[in-house]
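For what it's worth, the working numbering labels the leading residue of the sequence shown as 87, then goes sequentially.
For reference, the structure discussed in these notes is given below.
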Amino acid sequence: MLGFKSIKAALLISMLGFAGLTATTQASAACNLVNTKDGKPLVIKATETDTPQAKEFLETCVNPYTKAYIKDPTLIKTGGRKVYMYNGCSGCHGGKLEGVMAPSLAKNGGQGAFDTKWAYAKHSTDKGMFETIASGGTTPGASGAVMPTWHAQVADHVSDGLSTDDILKVVAYIRTGYLGDGEKDWLK
């Protein structure tokens with residue numbers, strides 16, 4: 087026969103287990119990616135070849151590289167900047183993120199419409215920036231300007247596409263080049 091202490095202990099263990107299950111469910115639910123072009127769900131699943139950082143992002147929508155790059159800028163050269171330059175991002179966004187025929191990613195306070203604000207408000211978060219790089223996007227107010235789809239798991243991606251990890255590194259690189267004085271939501 088179970089005594090009061092046994093029942094109390096079993097109840098406590100059950101509650102803790104439920105709380106852990108709930109916390110896990112909430113963390114997974116927190117990272118619902120959205121396609122920038124059409125607003126539909128953007129389904130990107132963790133793969134066997136994903137890094138722990140990529141898997142963490144897909145569960146939490148927090149980019150572990152952003153704070154790491156800001157803390158240790160030497161990581162930029164072998165990480166995000168290398169991916170950014172190798173894949174031709176600089177052809178449109180500039181070698182210094184200044185914007186050439188696409189919006190500036192430095193938000194440097196210049197005279198152009200895209201030098202003082204993000205093309206999409208959601209770019210103030212790493213999740214939002216990831217969504218646009220992964221799914222592509224159109225520049226609001228510009229006719230025919232389209233950023234291609236880059237993620238390898240998304241239909242019609244460029245070339246071989248990029249992995250979740252590569253896109254996260256590019257996002258972190260972009261964050262290190264930010265020159266604007268606005269709030270840096272991605273550091274929260």
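No residue lacks a Cβ here, since even glycine has one placed at the ideal position from N, Cα and C.
Asn-149 counts as buried, since no fewer than 16 other beta carbons sit within 10 angstroms of its beta carbon.
Look at His-237 here: in three-state DSSP terms it is strand. In the displayed model, Thr-211 falls within coil according to three-state DSSP, outside both helix and strand.
Distance check between Lys-255 and each of Leu-273, Met-233, Thr-164, Glu-134 places Thr-164 closest, using alpha-carbon atoms only.
When the Cα atoms are used, Leu-144 and Leu-128 turn out to be separated by approximately 11 Å. Between the alpha carbons of Ser-190 and Ala-241 lies a distance of about 26 Å. In the structure shown, Gly-223 adopts extended strand secondary structure according to DSSP, grouped into three states. Collapsing the DSSP output to three states places Leu-144 in a helix. Note: Leu-248 is bridge-paired with His-237 in the DSSP secondary-structure output.
Taking every protein chain shown into account, the CB of Ser-249 has 16 or more other CB atoms within 10 angstroms, so this residue is buried. A distance below 7 Å between beta-carbons, with the five flanking residues on each side excluded, links Ile-253 to the following residues of its chain, in chain order: Phe-216, Ile-219, Ala-220, Trp-236, His-237. Of the residues assessed, Val-257 falls on the buried side of the cut-off, its CB having 16 or more other CB atoms within 10 angstroms. Boundaries of the alpha helix (DSSP H) harbouring Ile-162: 160-164, taken from the DSSP string. DSSP places Val-232 within a strand segment (E or B) once states are collapsed to three. Annotation for His-243: no alpha helix (DSSP H) segment contains it, and DSSP assigns it neither H nor E.
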